[in-house]
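So the structure is just underneath, and the comments pick up after that.
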Amino acid sequence: MVLRDEVLDTADLGDPDPPGAEIFDAVVRALVAYNETIPGLDLTLHDAITRRLAWGDEESVVLADASTVCDRLIASAQRAFREPADEMLVTELAAEVSCSAARIVAMAAVGRAARERAARLREELGQRRLNEALERQKAEAKRLEISAADFGRTLEGF
Amino acid sequence: MTRLTIRAHGKTHTGNVREANEDSLLMDPKLGLYGVLDGMGGHSAGDVASQRARDAIHEYVAARHQSMAPRDLLTAALNAASAAVHSEAKRRRDRQGMGTTAVVCLVIDDKHVVIAHVGDSRAYMLRDRRLHQLTEDHTVVAELIANGAISAEEALHHPYKSVLSRNLGAKPATKVDLTEVTLQPGERIMLCSDGLNGYASAEAVEQIVAGSEDAEQSTVDLIEIALRGGGGDNVSVVVLEAGKQVVPRSTLIIQTTGADAWWRRRSLFMGACRERGLARSPICAVLSPEEALEIVAGNLCEAIYHDLEQNSGINVWTYAENLAKGWFDQGGDFRPLRDMLDLLGSAAAAVIADIASGGQQFSVALEISITRSLTTIEMVVGGLLAERLRGIEAALVKLHARAPTQQPVTDHPTIPYMQAVSIEAPAPNVAACIDQAIPLALVSVQDQGEKAGARECLEYAANSSFDATHGNDAVLAARELFGMRALEEAGIGPLLDAADQARRAHIEALNQLDHPAKVRAGAVRLVALAHKRLFLAISQLVVDAGAPISDELHRASERTSQLRQQVAQGERKLAKMEKKFVTLVDREPTDISGTSRHK
Numbered sequence: 001m002v003l004r005d006e007v008l009d010t011a012d013l014g015d016p017d018p019p020g021a022e023i024f025d026a027v028v029r030a031l032v033a034y035n036e037t038i039p040g041l042d043l044t045l046h047d048a049i050t051r052r053l054a055w056g057d058e059e060s061v062v063l064a065d066a067s068t069v070c071d072r073l074i075a076s077a078q079r080a081f082r083e084p085a086d087e088m089l090v091t092e093l094a095a096e097v098s099c100s101a102a103r104i105v106a107m108a109a110v111g112r113a114a115r116e117r118a119a120r121l122r123e124e125l126g127q128r129r130l131n132e133a134l135e136r137q138k139a140e141a142k143r144l145e146i147s148a149a150d151f152g153r154t155l156e157g158f
Numbered sequence: 159m160t161r162l163t164i165r166a167h168g169k170t171h172t173g174n175v176r177e178a179n180e181d182s183l184l185m186d187p188k189l190g191l192y193g194v195l196d197g198m199g200g201h202s203a204g205d206v207a208s209q210r211a212r213d214a215i216h217e218y219v220a221a222r223h224q225s226m227a228p229r230d231l232l233t234a235a236l237n238a239a240s241a242a243v244h245s246e247a248k249r250r251r252d253r254q255g256m257g258t259t260a261v262v263c264l265v266i267d268d269k270h271v272v273i274a275h276v277g278d279s280r281a282y283m284l285r286d287r288r289l290h291q292l293t294e295d296h297t298v299v300a301e302l303i304a305n306g307a308i309s310a311e312e313a314l315h316h317p318y319k320s321v322l323s324r325n326l327g328a329k330p331a332t333k334v335d336l337t338e339v340t341l342q343p344g345e346r347i348m349l350c351s352d353g354l355n356g357y358a359s360a361e362a363v364e365q366i367v368a369g370s371e372d373a374e375q376s377t378v379d380l381i382e383i384a385l386r387g388g389g390g391d392n393v394s395v396v397v398l399e400a401g402k403q404v405v406p407r408s409t410l411i412i413q414t415t416g417a418d419a420w421w422r423r424r425s426l427f428m429g430a431c432r433e434r435g436l437a438r439s440p441i442c443a444v445l446s447p448e449e450a451l452e453i454v455a456g457n458l459c460e461a462i463y464h465d466l467e468q469n470s471g472i473n474v475w476t477y478a479e480n481l482a483k484g485w486f487d488q489g490g491d492f493r494p495l496r497d498m499l500d501l502l503g504s505a506a507a508a509v510i511a512d513i514a515s516g517g518q519q520f521s522v523a524l525e526i527s528i529t530r531s532l533t534t535i536e537m538v539v540g541g542l543l544a545e546r547l548r549g550i551e552a553a554l555v556k557l558h559a560r561a562p563t564q565q566p567v568t569d570h571p572t573i574p575y576m577q578a579v580s581i582e583a584p585a586p587n588v589a590a591c592i593d594q595a596i597p598l599a600l601v602s603v604q605d606q607g608e609k610a611g612a613r614e615c616l617e618y619a620a621n622s623s624f625d626a627t628h629g630n631d632a633v634l635a636a637r638e639l640f641g642m643r644a645l646e647e648a649g650i651g652p653l654l655d656a657a658d659q660a661r662r663a664h665i666e667a668l669n670q671l672d673h674p675a676k677v678r679a680g681a682v683r684l685v686a687l688a689h690k691r692l693f694l695a696i697s698q699l700v701v702d703a704g705a706p707i708s709d710e711l712h713r714a715s716e717r718t719s720q721l722r723q724q725v726a727q728g729e730r731k732l733a734k735m736e737k738k739f740v741t742l743v744d745r746e747p748t749d750i751s752g753t754s755r756h757k
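The listed protein sequences correspond, in order, to chains A and B. For the first sequence, the numbering used here begins at 1 and goes up steadily by one. For the second sequence, the numbering used here begins at 159 and goes up steadily by one.
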């Protein structure tokens, strides 16, 4: 937890959970689970990043946070751990978690692109229908003009 | 009762739109009783209501002013008026529902007045040249705001913003609000109907009440500004002034000699404007040079003259409003208006300099008065700009609410709040360690069935680990790996898997080497950072690849919205055409046989 304050600047910011905290906490979880489980998708990390994206944080910002937390954690581990083996473990897991976070962001972007493609197709379909409606309106207006001409009058142009 | 020396003047006007005046004034200096009543109700019932209420209040106060305390007296008088109007409304069918507002002021002793009101006619007090509203409107919207149900901004466009929650006549008795005020000499009380505050800005009203020499002039000016603002309702004003205001001698001089001196230099002012290029202003683009001078400079000269004469600000105010509003409504920018105002100010300064050079003693006072006029223009322009900004803000809020791809707000501070760390270049033994790990890692990748790009990732990481600067090389490498992939899971997934595999293989290879732990730790650090950079660069490219799709969707949404508006407009036009056509058919004369005479 000492490293947590140092890496995330929690003391300076006064915020116990600043952005990037989800990366650090995921590294801690990975350390706890190391050799006890096959590394796979960390659902807590996935939820945290998805929530940040849903709340409006831009993808590039989330990626930059992940990168900076990883760099600072690796630098802190180099200074803090006496045993090189411990340092290597933290380094490896920090890189692993950062890349997992980046993967989550990338796949979220892929999903969003698919949804937007579908939405665009729906918009084009809607535009087609609206254009047809406009054509029908023009035809109707023309018909009224012709009928009014029979009375020797004109209606206001369409 | 001992009374302040109070001078009061009242004026009422039908307005520019209404056919009858349903307002009534109550003025009894002997009793110290003054009031404004605004009637409502169809078929001329409104003027009946306000007059009936006025007479009832006057009668009640006159009969009982010596035997009742002022607050109770006014409360009872207004309730008596309410009963009278209510009774009259019940008596005649065509007067059902009639009612009236009332704001009444009673002078009670040498310092105090008490004000009673029901409805949305208002009382203000002028103190220290600022106008303070003393009463709160009894409208449905005001009560909703007081209860926190809506905000003041929502109230401006509320469908019930003009509906009263209380008036005289709706019931036999009603709740009356009372306000007691302590007056100092020179202070003013203004009573008015909503025909004033609905058509004149608060700034203009304050300027007039504070700036007018006497109460009578201020009532004239207030009616005038309400009429110039549209005059869509009856307007009534009563202004009471406590004590006698001493008119400074300099003011009297300005009103006579000063105004005259200004007017005699009219041609000097126009010449100064001509020299400074008034006709070349974009605002005067549609006018000939002579017209520009006559209309723009000539009207300002006249407005200043009248204001000097009357010790008022209303003429310059109206001039500035017409000039600035007309320009902004045409879509004009602020810059040409600013330049024109500077030009007119400079021309006015030339006239003042000429007056001062003649050794006239009042030139300093005249300069102050004219500067005040120019400041009035600035205030008007500022008010119009603020109104435009409010309009733009409201439009932006609407647009934001409608935008299909709105950007939500982030509520966390983020990058760059954390400081970056610097990575050192590898020591020779660390570099050697990294060098030896590459072949092992390549073998591992091939053993696991080389996934597309894993080899390239390893090569990048190996090269990048030696370079402490590692500028944009990660981005370049990522672009080469990304290539022309489709933005789908099937296209992106394998690339990310390959990068992951490369990183794990590389670190595992380093762990297998027979180097001191510290050296390997250094190597692992550099390699891990290199792979992390590459992976994040690939992810960023994936994110960037989605941007054109977002843009296309946004454009498509805008186009759909435009088409919807066109269809809606088309429907309205079509409806009008059909209505006209039906009218044509109905009007067509037919002969006896019933057939139409048209071709």
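Glycine is no exception: its CB is placed at the ideal position from the N, C-alpha and C atoms.
Interface flag, residue i vs chain A, CB-CB below 9 Å
i: Gly805/B; result: Limits of chain B in this structure are 159 at one end and 757 at the other, which puts residue 805/B out of reach.
i: Ser531/B; result: no
i: Arg691/B; result: yes
i: Arg678/B; result: yes
i: Met498/B; result: no
i: Met651/B; result: Looking at the sequence shown, residue 651/B is not Met but Gly. Gly651/B counts as touching chain A.
i: Leu145/B; result: With chain B covering only 159 through 757, there is no way to say anything about residue 145/B.
i: Gly611/B; result: no
i: Val682/B; result: yes
i: Met283/B; result: no
i: Val298/B; result: no
i: Val725/B; result: yes
i: Leu458/B; result: no
i: Leu481/B; result: no
i: Ala657/B; result: yes
i: Ser602/B; result: no
Any non-hydrogen atom of the ligand HEM closer than 8 Å to residue i Cβ
i: Gly641/B; result: This structure lacks the ligand HEM, and indeed carries no ligand of any kind.
Backbone secondary structure at residue i - three-state DSSP
i: Lys188/B; result: coil
i: Ala358/B; result: coil
i: Arg434/B; result: coil
i: Met642/B; result: coil
i: Ile308/B; result: coil
i: Gln594/B; result: helix
i: Ser182/B; result: strand
i: Thr44/A; result: helix
i: Arg165/B; result: strand
Alpha-carbon spacing of residue i relative to residue j, whole angstroms
i: Val765/B; j: Val272/B; result: Because chain B here runs from 159 to 757, residue 765/B falls outside it and cannot be looked at.
i: Gly327/B; j: Val175/B; result: 25 Å
i: Ile550/B; j: Leu232/B; result: 46 Å
i: Pro18/A; j: Val97/A; result: 17 Å
i: Ala66/A; j: Ala101/A; result: 7 Å
i: Cys431/B; j: Asp352/B; result: 41 Å
i: Glu399/B; j: Met735/B; result: 59 Å
i: Ala304/B; j: Val321/B; result: 15 Å
i: Val32/A; j: Leu653/B; result: 29 Å
i: Lys188/B; j: Pro228/B; result: 15 Å
i: Arg493/B; j: Gly503/B; result: 15 Å
i: Asp372/B; j: Ala362/B; result: 16 Å
i: Thr44/A; j: Ala26/A; result: 8 Å
i: Arg136/B; j: Ile535/B; result: Within the shown structure, residues of chain B are numbered from 159 to 757, placing residue 136/B beyond reach of any answer.
i: Ser470/B; j: Gly516/B; result: 26 Å
Cutoff 9 Å: residue i Cβ touching any chain B Cβ
i: Leu144/A; result: yes
i: Ile74/A; result: yes
i: Thr91/A; result: yes
i: Arg103/A; result: yes
i: Val110/A; result: yes
i: Ala113/A; result: yes
Inter-residue CB distance, residue i and residue j (contact presumed, cutoff 8 Å)
i: Ile366/B; j: Ile347/B; result: The Cβ separation is near 15 Å, so there is no contact.
i: Ala119/A; j: Leu711/B; result: 5 Å
### Task
Write down every uninterrupted run of the beta strand (DSSP E) in the segment 226-278 of chain B whose length is 3 residues or greater and which is fully enclosed by it, in chain order.
Uninterrupted beta strand (DSSP E) stretches at least 3 residues long and entirely within the segment 226-278 of chain B occur at 257-265 and 270-276, given in chain order.
### Task
Ignoring anything shorter than 4 residues or poking outside the segment 465-532 of chain B, list the alpha helix (DSSP H) runs there in chain order.
Considered as a whole, the segment 465-532 of chain B harbours 472-487 and 492-515 as its complete alpha helix (DSSP H) runs of no fewer than 4 residues, in chain order.
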